[in-house]
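The structure under discussion appears below in the form of structure tokens.
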Amino acid sequence: MPVELLFDAGFGDIFVIRTAGGCVDSTVSASVEFAVDGLGVDLVLFLSHEKCGAVGSAVQAFESGEIPHGLTRLFVEKIAPSIVEAEKRGEQVEQAHARHGAEHLVARIPAVVAGLEKRRIGVVGARYRLSDGRVETTYENFGD
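Quick note on numbering: the sequence shown equals residues 1 to 144 in the UniProt record's numbering.
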């Protein structure tokens, strides 16, 4: 689902970074830093969605104990903490992953930390529900 359509925004109005399973690596972190510092983005949204194939693959690997070989293993490893958290909280993995991803951005990207300290930006974790088209918030930080 193009986020521009989801949020009724024009093309170019939203700086979008997409990865399988919403996995954050150094390139994604650098892209977020560029968006905040270089482009003046004032809202960072970590958006997951129901029935994510990468998250589903990670859950399957986690439950079976059969970790895939090759580069696919990377996103399974990145999603695993969200699987554990979802089990503890009794929620769906995509919900936990959206929160975990947003918390990761807040903890690890200096531009995000500085923006929150100055109350110049906000960070939101959310999950898009394919079943009804709604976006549910899982995490909010506006520097409060």
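All residues carry an ideal CB built from backbone N, CA and C; glycine is no exception.
In chain order, what residues of the same chain have a beta carbon less than 8 Å from the beta carbon of residue i, not counting five sequence neighbours either side?
i, result
"PRO68", "SER57, ALA61, VAL76"
"ASP37", "ALA111"
"PRO81", "HIS100"
"VAL73", "A small fix is needed here, since residue 73 is Arg in this sequence, not Val. Hits under 8 Å: ILE67."
Per DSSP, what are the beta-bridge partners of residue i in this structure?
i, result
"LEU43", "GLY122"
"VAL135", "TYR128"
"SER48", "ARG127"
"ARG140", "Note on residue identity: the sequence assigns Glu, not Arg, to residue 140. GLU140 is bridged to VAL124."
Going by beta carbon distance, what residues of the same chain come within less than 7 Å of residue i, once the five residues before and after it are set aside?
i, result
"GLU136", "ALA126, ARG127, ARG129"
Excluding sequence positions up to five away, which residues of its chain have a Cβ less than 6 Å from the Cβ of residue i?
i, result
"ALA54", "ALA20, GLY21, PHE75"
Hey, residue i and residue j are a contact pair by Cβ (cut 8 Å); roughly how many whole angstroms apart?
i, j, result
"GLY101", "ARG119", "The Cβ separation is near 22 Å, so there is no contact."
"ILE121", "LEU43", "7 Å"
"ILE17", "VAL28", "6 Å"
"PHE15", "VAL41", "6 Å"
"TYR139", "GLU94", "Contact flag wrong, Cβ pair sits at about 13 Å."
**Prompt:** Just checking, does the region 109-118 make contact with the region 24-40 on the three C-beta pairs under 8 Å criterion?
**Reply:** yes
**Prompt:** Would the region 111-122 and the region 83-95 be scored as touching if the rule is three or more Cβ pairs under 8 Å?
**Reply:** no
**Item:** alpha helix (DSSP H) runs wholly inside the region 50-81, at least 4 long, in chain order
**Value:** 53-64
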